[in-house]
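**Student:**
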Amino acid sequence: MLTGRESRRDRVTSGGDDMRLIAGRYQLGDRLGRGGMGTVWRAYDQMLAREVAAKELHVASDDHEHHRRLRRAQREARTVARLRHPHVVGVHDLVEHDDRLWIVMELIDGPSLARRIADSGPLPPRHTAALGLQLLGALEAVHAAGALHRDIKPANILLRGDGSAVLTDFGIAALEDDESLTTTGELLGSIGYMAPERLTAEEVGPPSDLWSLGATLSAVASGVPPFQRPTGAAALHAVTFADPVIPERVGPLRPIVQALLNKSPAQRPSAATLRTALRRVADGADDPGPLPPAAPAGPVRTPGPVRTPGPVRTPGPVRTPGPVPAPGPVRTPGGDADTPADLADTPTMTATPTMSATPTAGAPHTVTGTPTLDRGPTLISAPTRTQTQTPDLDRDPTLVAPAGPPPPRSRGRARTWWWTAGATLAVAGLATALFFTFGPPSDSEDDASPVTSTAKVTVDAARGWQSATTATVRKGDKVSVRYTTGTWTVDAANLPLVGPVGHTRADDETLRFAWRDCKVDSAVPFGALLGRYPGNPRNPHAVGRAWHFQATRPGSLQLRINDGEGCLHDNRGAITVTVQITR
Numbered sequence: 015m016l017t018g019r020e021s022r023r024d025r026v027t028s029g030g031d032d033m034r035l036i037a038g039r040y041q042l043g044d045r046l047g048r049g050g051m052g053t054v055w056r057a058y059d060q061m062l063a064r065e066v067a068a069k070e071l072h073v074a075s076d077d078h079e080h081h082r083r084l085r086r087a088q089r090e091a092r093t094v095a096r097l098r099h100p101h102v103v104g105v106h107d108l109v110e111h112d113d114r115l116w117i118v119m120e121l122i123d124g125p126s127l128a129r130r131i132a133d134s135g136p137l138p139p140r141h142t143a144a145l146g147l148q149l150l151g152a153l154e155a156v157h158a159a160g161a162l163h164r165d166i167k168p169a170n171i172l173l174r175g176d177g178s179a180v181l182t183d184f185g186i187a188a189l190e191d192d193e194s195l196t197t198t199g200e201l202l203g204s205i206g207y208m209a210p211e212r213l214t215a216e217e218v219g220p221p222s223d224l225w226s227l228g229a230t231l232s233a234v235a236s237g238v239p240p241f242q243r244p245t246g247a248a249a250l251h252a253v254t255f256a257d258p259v260i261p262e263r264v265g266p267l268r269p270i271v272q273a274l275l276n277k278s279p280a281q282r283p284s285a286a287t288l289r290t291a292l293r294r295v296a297d298g299a300d301d302p303g304p305l306p307p308a309a310p311a312g313p314v315r316t317p318g319p320v321r322t323p324g325p326v327r328t329p330g331p332v333r334t335p336g337p338v339p340a341p342g343p344v345r346t347p348g349g350d351a352d353t354p355a356d357l358a359d360t361p362t363m364t365a366t367p368t369m370s371a372t373p374t375a376g377a378p379h380t381v382t383g384t385p386t387l388d389r390g391p392t393l394i395s396a397p398t399r400t401q402t403q404t405p406d407l408d409r410d411p412t413l414v415a416p417a418g419p420p421p422p423r424s425r426g427r428a429r430t431w432w433w434t435a436g437a438t439l440a441v442a443g444l445a446t447a448l449f450f451t452f453g454p455p456s457d458s459e460d461d462a463s464p465v466t467s468t469a470k471v472t473v474d475a476a477r478g479w480q481s482a483t484t485a486t487v488r489k490g491d492k493v494s495v496r497y498t499t500g501t502w503t504v505d506a507a508n509l510p511l512v513g514p515v516g517h518t519r520a521d522d523e524t525l526r527f528a529w530r531d532c533k534v535d536s537a538v539p540f541g542a543l544l545g546r547y548p549g550n551p552r553n554p555h556a557v558g559r560a561w562h563f564q565a566t567r568p569g570s571l572q573l574r575i576n577d578g579e580g581c582l583h584d585n586r587g588a589i590t591v592t593v594q595i596t597r
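Quick note on my numbering: the sequence shown kicks off at 15 and runs consecutively.
1. CB-CB under 6 Å to A249, same chain, minus the five flanking residues each way: which ones, in chain order?
2. Bridge partners of A556, per DSSP?
3. The beta strand (DSSP E) with E154 in it runs from where to where?
4. Within the continuous beta strand (DSSP E) that includes W479, where are the two ends?
5. When the Cα of A215 is compared with those of T254, A247, D183, A229, which residue comes out closest?
6. With distances taken from CA atoms, which of L172, H163, S178 is nearest W225?
7. Could you have a look at A132 and say whether DSSP puts it in helix, strand or coil?
8. Assuming V487 contacts Q480 (C-beta within less than 8 Å), just tell me the rounded distance between them.
9. Compute the beta-carbon to beta-carbon distance between P220 and A229, rounded to the nearest angstrom, for a pair I have assumed lies under 8 Å.
10. Compute the distance between the beta-carbons of L181 and V102, then report whether it is under 7 Å.
11. What residue range does the alpha helix (DSSP H) around A222 cover?
12. Among C532, R48, R496, whose alpha-carbon lies nearest the alpha-carbon of V515?
13. When you compare each of E70, Y40, W55, G52 to A63 by their alpha carbons, which one comes out closest?
14. Starting from I575 and walking both ways along the beta strand (DSSP E), at which residues does that stretch end?
15. DSSP on R243, reduced to helix/strand/coil?
16. What residues match up with E70 in a beta bridge as DSSP calls it?
17. Which word fits H555, buried or exposed, when buried means at least 16 other C-beta atoms lie within 10 angstroms of its C-beta?
18. Quick check on the DSSP output: the alpha helix (DSSP H) that includes A280 runs from which residue to which?
19. In chain order, what residues of the same chain have a beta carbon less than 7 Å from the beta carbon of L509, not counting five sequence neighbours either side?
20. Quick one: grab the DSSP three-state call for H251.
21. Evaluate contact between the stretch 138-145 and the stretch 279-296, counting only Cβ atoms and requiring at least three cross-stretch pairs below 8 Å.
22. Please say whether E70 and T53 have beta carbons closer to each other than 7 Å?
23. Could you check the C-alpha separation between R597 and D183 for me, to the nearest Å?
24. Can you tell me the Cα-Cα spacing of G541 and L525, whole angstroms?
25. Run the CB neighbour count on R519, radius 10 Å, all protein chains shown included, and call it buried at 16 or more, exposed below.
26. Following the continuous alpha helix (DSSP H) through V534, name the residue where it begins and the one where it ends.
27. Grab the span of the alpha helix (DSSP H) containing V271 for me, first residue to last.
28. In angstroms with no decimal places, state the Cα-to-Cα distance between R665 and A159.
29. With a threshold of 16 other CB atoms inside 10 Å of the CB of P464, please say whether the residue is buried or exposed.
30. Expressed to the nearest angstrom, what Euclidean distance is found between the alpha-carbon atoms of L115 and V109?
31. For a test of your reading of the model: does the CB of T503 fall under 6 Å from any non-hydrogen atom of the ligand ATP? Yes or no.
32. Is it true that the CB of G513 sits closer than 7 Å to the CB of T499?
33. Restricting to Cα atoms, I'd like to know which of D300, A280, A528 is closest to G265.
34. Helix or strand or just coil, what does DSSP make of T214?
35. Per DSSP, what kind of secondary structure is D44 in: helix, strand or coil?
36. Of the choices K277, Q564, F563, V234, whose alpha-carbon is the least far from that of R138?
The following block contains the structure:
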């Protein structure tokens, strides 16, 4: 988003240079990445003379939200701290400093698996199977500790210098000994990697994590997530009802992926069966062998004390066929500064779990010429109204759903989905009817024979002011600018793609340090679509999804993203608008 923004942020934490020493022990260095829960910094542990990763929790302005995030961060730290496994990131410390919570973790000197695939392409099936064995061992340790990870995807898997995989980002894990996120009203995760039983508010357990592992294996071996769709709504429907798209290049992993992506948790193979199958493929076999379904197992209980306070010991690391190159910046848990499009995350949605929610904003980004897998804009939907935005192909849709009583089993998933789909289509139909009945807003009815010219204009996120008209607008012309399609971001490494309204308030707050230097209009969020025209009472004008005005003088209409000159180098994406001029 800006040349030097990283360096400015690196010099500033919550209060200036005097705050660089956290808890009198951890000296902050470079910012390594930003995730949904916090910002990750390289830090130096002065007491033990070693480098670590320090995750700073993003603090909300609302007191309730602040405490909720603190609880979630503590939950993340406790989850990981109880594990002792070579393929699970290590947690060293949990400190509170100046009303902020910091999780001090092992520093992983390597990229995320998402970045590795974006840079070098999909991995061979044999190599993918070897990494799958490591991740399976990590998940068994997580499950043995009474937890579920719930957000397994390439962006949350880091690679050490020797190529081994490390499972990170336990921010939404469900614990037996702590308040479950489902009881506080939320379900989080990335839609394309989320088991269907989670989307339909049914019981979840270890098989749900195995589903996510199956989706990850397919994406890693093919470069394409098995449920990748152009919109969040389509991805949600695909996960719930459609068969996965598994390219031929996954080879002998195909039966494994198909078994893991079975819609019924009871029909998925057990961890033991999966281990045998993955080992066969990792050893070079053309056939993974039989993959019978596991015996039905109950869900992981979220309330109640943990009965195994000691560290969980699990089998040691699994060797990969060969080291995985680890180009690019240091990657650390909880922040994905360099995660590519479809491998990272996707749109976020808020919906009631008693029905399949329809995403309503943004979606995954796509890295041109490079296979993609997972991260993206925020989608918010409710059963009473629906918004729609172009998905960002850089991520897989993420779901945030207020908890509620699950629907009666007799209704089934199909009825749930079509209830929501019907409501959505009804709203869309009403909007279309209103549009074609009344047409775009007009400032007057005086023109006897108006002449209207219409043009599609694409506004690039990486450029400043751009002309939106090929000819000069005349005095008295009625101008209409309407958002058509597209998404963009002011920070491709750390923030999701969004539409013309710009980044969310929470994301905008994380960039407060750059408001003065980089915002063109300080009153609206980064990423908002701005317009200007000579004589307009307010220049620049926040366009949003539509802008209508009558020209008071001749001039040229210009549009741009809300991000200043010198701050555009890490912007990505473009937005297309329809410009109508009536004279």
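Beta carbons: idealized from backbone N, C-alpha and C, even for Gly.
These numbers come from a predicted model, not from an experiment.
**Tutor:** So, to answer that:
1. To locate residue 249, count along the sequence shown from 1; it is residue 235. Correct list, in chain order: I205, G206, F241, R243, P411.
2. What you label residue 556 is simply residue 542 of the sequence shown in a count that begins at 1. Note: A556 sits in a beta bridge opposite L544.
3. Walking along the sequence shown from the start, residue 154 turns up at place 140. Unbroken run through E154 is the alpha helix (DSSP H), 139-158; no beta strand (DSSP E).
4. Position 465 of the sequence shown, counted from the first residue, corresponds to residue 479. Run containing W479: none; DSSP gives neither H nor E here.
5. In the sequence shown, counting from the first residue as 1, residue 215 sits at position 201. Considering only alpha carbons, the answer is T254.
6. Reading the sequence shown from its first residue, position 211 is the one you call residue 225. When each option's Cα is compared against that of W225, the closest is H163.
7. Reading the sequence shown from its first residue, position 118 is the one you call residue 132. Of the three classes helix, strand and coil, the one that applies to A132 here is helix, per DSSP.
8. Position 473 of the sequence shown, counted from the start, is the residue given in the question as residue 487. Position 466 of the sequence shown, counted from the start, is the residue given in the question as residue 480. Actually they do not touch by this definition, with Cβ atoms about 15 Å apart.
9. As a working mapping, residue 220 is identified with position 206 in the sequence shown. As a working mapping, residue 229 is identified with position 215 in the sequence shown. About 15 Å separates the two Cβ atoms, so there is no contact after all.
10. Locating residue 181 in the sequence shown gives position 167, where the first residue counts as 1. Locating residue 102 in the sequence shown gives position 88, where the first residue counts as 1. Yes, these two residues count as a Cβ contact at 7 Å.
11. Position 208 of the sequence shown, counting from 1, holds the residue named residue 222. Contrary to the premise, residue 222 reads as Ser rather than Ala in this sequence. Segment 220-236, the alpha helix (DSSP H) holding S222.
12. In the sequence shown, the residue the question calls residue 515 occupies position 501. Comparing Cα positions, the closest option is R496.
13. The count along the sequence shown starts at 1 and reaches residue 63 at position 49. Answer by Cα proximity: Y40.
14. In the sequence shown, counting from the first residue as 1, residue 575 sits at position 561. It spans 572-575 - the beta strand (DSSP E) in which I575 sits, taken as one unbroken run.
15. The residue you call residue 243 lines up with position 229 of the sequence shown. Three-state result, R243: coil.
16. Along the sequence shown, read from residue 1 onward, the residue named residue 70 stands at position 56. Partner(s): T53, W116.
17. Within the sequence shown, residue 555 is the residue found at index 541, counting from 1. Buried is the call here.
18. Start at 1 with the first residue of the sequence shown, and residue 280 comes out as number 266. Taken as a continuous stretch (DSSP letters only), A280 belongs to no alpha helix (DSSP H), as it is neither H nor E.
19. Start at 1 with the first residue of the sequence shown, and residue 509 comes out as number 495. T503, H517, D521, listed in sequence order.
20. Here the question's residue 251 lines up with position 237 in the sequence shown. Of the three classes helix, strand and coil, the one that applies to H251 here is helix, per DSSP.
21. yes
22. As a working mapping, residue 53 is identified with position 39 in the sequence shown. As a working mapping, residue 70 is identified with position 56 in the sequence shown. Cβ atoms of T53 and E70: closer than 7 Å.
23. Locating residue 597 in the sequence shown gives position 583, counting from the first residue. Locating residue 183 in the sequence shown gives position 169, counting from the first residue. Taking the straight line from one Cα to the other gives about 56 Å.
24. The residue given as residue 541 occupies position 527 in the sequence shown. The residue given as residue 525 occupies position 511 in the sequence shown. Approximately 12 Å, taken between the alpha carbons.
25. Position 505 of the sequence shown, counted from the start, is the residue given in the question as residue 519. So R519 counts as exposed.
26. Translated into positions along the sequence shown, residue 534 becomes position 520. From DSSP, V534 is part of no alpha helix (DSSP H); its letter is neither H nor E.
27. As a working note, residue 271 is residue 257 in the sequence shown. Its alpha helix (DSSP H) spans residues 268-274.
28. Given that the chain is displayed from residue 15 to residue 597, the structure contains no residue 665 and the question cannot be resolved.
29. Locating residue 464 in the sequence shown gives position 450, counting from the first residue. P464 should be labelled exposed.
30. Within the sequence shown, the letter at position 101 stands for residue 115. Within the sequence shown, the letter at position 95 stands for residue 109. In a straight line, the C-alpha of L115 is about 6 Å away from that of V109.
31. What this structure holds is no ligand at all, so the ligand ATP is not there to describe.
32. The residue labelled residue 499 in the question sits at position 485 within the sequence shown. The residue labelled residue 513 in the question sits at position 499 within the sequence shown. For T499 and G513, no; Cβs fall outside 7 Å.
33. For this step, residue 265 is matched to residue 251 along the sequence shown. It is D300.
34. In the sequence shown, the residue the question calls residue 214 occupies position 200. Coil at T214, not helix or strand.
35. In the sequence shown, counting from the first residue as 1, residue 44 sits at position 30. Strand.
36. Here residue 138 is taken as the residue at index 124 of the sequence shown, counted from 1. According to the sequence shown, residue 138 is Pro rather than Arg. For P138, the nearest C-alpha among the options comes from V234.
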